[in-house]
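Participant:
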Amino acid sequence: MTAPAAKLRIDKWLWYARFFKTRSLAAKQVSAGHVRLNGQKTLKPAQAIVIGDVLTFAQGSQIRVVEVSALGERRGPAVEAQELYLDKTEWRDTVPQNPRYEGKGRPDKRERRVLDLTRRRDTF
1 MTAPAAKLRI DKWLWYARFF KTRSLAAKQV SAGHVRLNGQ KTLKPAQAIV
51 IGDVLTFAQG SQIRVVEVSA LGERRGPAVE AQELYLDKTE WRDTVPQNPR
101 YEGKGRPDKR ERRVLDLTRR RDTF
C-alpha cells in the first residue's frame, strides 16, 4: 500500500513561504485569480499543491515564478521559508536610477548645504 502524496492549501503555502504577510491576503490574491498553478488560473484558496508545482503571481511590480520544493509545516523564519521554493523569476537589472537634483527629485545632503548657503547669501 502506497502513502498518499502530501498536499497543502495554496494560500497556506504562500503564507508559509512568506510571499504574503497574512494568510487572508494570500487567499484574496488566489480568489481574485492573480495566482497561476502550473500555468492555469486558480480561484480557490483551498486548491491543493504538491511538491514540483509551479506558481506564478505578481509581487509588487515583479512577476514571480517559483517551483514548490517543500510544503512546510509552519510559518517559520525567512531562512526556513526560502527552503520551501526554487525561485525561477527572471530578474531585470534595468531599474531606472533616481534622478539627481537638477530641478528633479530631492537634493542630497551636500546639495542641500550648497542651496542653504546660496539662500543665506541672497537674504543679506
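Using full-length UniProt numbering, the letters of the sequence shown map in sequence onto residues 1 to 124.
Note that the Cβ used here is the ideal one computed from N, Cα and C, for glycine as well.
Pick from Ala58, Leu43, Arg75 and Arg18: whose alpha carbon is nearest that of Ala32?
Facilitator: For Ala32, the nearest C-alpha among the options comes from Leu43.
Participant: When you compare only the Cα positions, how much space is there between Lys28 and Pro45?
Facilitator: In a straight line, the C-alpha of Lys28 is about 8 Å away from that of Pro45.
Participant: For Asp11, which three-state DSSP category applies?
Facilitator: Reduced to three states, the DSSP call for Asp11 is helix.
Participant: Reducing DSSP to helix, strand and coil, say where Glu80 ends up.
Facilitator: Three-state DSSP puts Glu80 in a helix.
Participant: In terms of residue numbering, what span does the alpha helix (DSSP H) encompassing Leu25 cover?
Facilitator: Here the alpha helix (DSSP H) through Leu25 covers Arg23 to Ser31.
Participant: Can you list, in chain order, the residues of its chain with a C-beta nearer than 6 Å to that of Arg9? Leave out the 5 residues immediately preceding and following it.
Facilitator: Closer than 6 Å at the Cβ level, and outside the excluded window around Arg9, lie Ala46.
Participant: Going by C-alpha to C-alpha distance, which of Gln40, Ala78 and Ser69 sits closest to Phe20?
Facilitator: The option with the nearest alpha carbon to Phe20 is Ala78.
Participant: Mapping DSSP to helix, strand and coil, what is Val35?
Facilitator: Strand.
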